[in-house]
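Below: the structure, in structure tokens.
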Amino acid sequence: MNEEFIINMLILNQVNYQTYGEQQFYDSFELWMNKLQQHKNFSTLEDACNYYILLGEKEQVA
Numbered sequence: 009m010n011e012e013f014i015i016n017m018l019i020l021n022q023v024n025y026q027t028y029g030e031q032q033f034y035d036s037f038e039l040w041m042n043k044l045q046q047h048k049n050f051s052t053l054e055d056a057c058n059y060y061i062l063l064g065e066k067e068q069v070a
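All you need for my numbering is the position in the sequence shown, starting with 1, plus 8.
Below is the structure:
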């Protein structure tokens, strides 16, 4: 499993949760955020969230 796949799953579950508001998408987003934390060896979940937000901001600029 690579970083791109994890990020894509985060985006998919974020959009689905915002669209449908179902708990399963929230739970899946949290699961994939934990996987991102482990994959990138972040010490906290907050660090993983900040990294994800930063990636999104870079995409908006590009």
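Note that beta-carbon positions come from the ideal geometry of N, C-alpha and C, so glycine has one too. The model shown is predicted, which means the values in this text are computed figures rather than measured ones.
Per-residue burial, residue i [other beta carbons within 10 Å of its own, 16 or more giving buried]
i      : result
Tyr-28 : exposed
Met-9  : exposed
Asn-42 : exposed
Leu-18 : buried
Simplified DSSP state of residue i, which is helix, strand or coil
i      : result
Gly-29 : coil
Met-17 : helix
Phe-50 : coil
C-beta atoms of residue i and residue j nearer than 7 Å
i      : j      : result
Gln-22 : Phe-37 : yes
Asn-24 : Phe-33 : yes
Ala-56 : Gln-68 : no
Among the options, the one whose alpha carbon lies nearest that of residue i
i      : options                        : result
Lys-35 : Gln-46, His-47, Thr-52, Leu-20 : Strictly speaking, residue 35 in this sequence is Asp, with Lys absent from that position. It is Leu-20 whose Cα lies nearest to the Cα of Asp-35.
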